[in-house]
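Engineer: This is the structure I want to talk about, given as structure tokens.
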Amino acid sequence: QVQLVESGGGSVQAGGSLRLSCVASGIEFRRNDMGWYRQAPGKQRELVAFITNSGVINSATSVKGRFFISRDNAKNTVSLQMNNLKPEDTAVYYCAARRLTAQWDYWGQGTQVTVSS
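Counting in my numbering, the final residue of the sequence shown is number 126, and the numbers go up one at a time with none missing.
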């Protein structure tokens, strides 16, 4: 049974930082690409950043220079360090995993991030 469990969400003032973590089980973690998505109220889910199984990173323009994704294959964990948070970063953040195709196969339950001005 595949599980992706996110943690680290919360409420913070603008300019603050949070670190999200996602622990995966039931998959061969080191062979999977891992990603972070977010969905704000009334908006579509959007890609925040992903890291491939070989360590290549891609991130959305809106978070470049502020958010940093990393992975620890020994701990089956992918993290998202979020700095200089803005109110527009408020959303539910989801962890995702994919193995062989461009489609994300597995999703976590999400963790709420709220940034106040």
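Just so you know, even glycine gets a beta-carbon here, dropped at the ideal spot from N, CA and C.
Output needed for Asn67: all residues of its chain with C-beta closer than 6 Å, excluding positions within five of it in sequence on either side, in chain order.
Structural biologist: Phe59
Engineer: Would Val122 and Ala100 qualify as a contact pair, given that the criterion is a beta-carbon distance under 8 Å?
Structural biologist: yes
Engineer: Going along the chain, which residues of its own chain have a beta-carbon closer than 7 Å to the beta-carbon of Gly17, five neighbours each way excluded?
Structural biologist: Leu27, Arg28, Leu29, Ser30 and Thr120
Engineer: Under the assumption that Asn85 contacts Phe38 (Cβ atoms under 8 Å), give the Cβ distance between them as a whole number of angstroms.
Structural biologist: 4 Å
Engineer: Does the beta-carbon of Leu109 have 16 or more other beta-carbons within 10 angstroms, so that it is buried, or is it exposed?
Structural biologist: exposed
Engineer: Among Ala111, Leu94 and Ser63, which residue has its Cα nearest to the Cα of Ser79?
Structural biologist: Out of Ala111, Leu94 and Ser63, Ser63 has the C-alpha closest to the C-alpha of Ser79.
Engineer: Going by DSSP, name the residue or residues bridged to Gly19.
Structural biologist: Val122
Engineer: Could you work out which residue in Gly35, Val32, Asp98 and Ser34 is closest to Lys73 when comparing CA atoms only?
Structural biologist: Answer by Cα proximity: Asp98.
Engineer: So, at 6 Å on beta carbons, what are the nonlocal neighbours of Arg4 in its own chain, with the 5 sequence-adjacent residues on each side left out?
Structural biologist: The structure shown does not extend to residue 4, since the chain is modelled only from 10 through 126, so no value can be given for it.
Engineer: Contact defined as beta carbons within less than 8 Å: I believe Ser126 pairs with Pro96. What is the distance between those atoms, to the nearest angstrom?
Structural biologist: 5 Å
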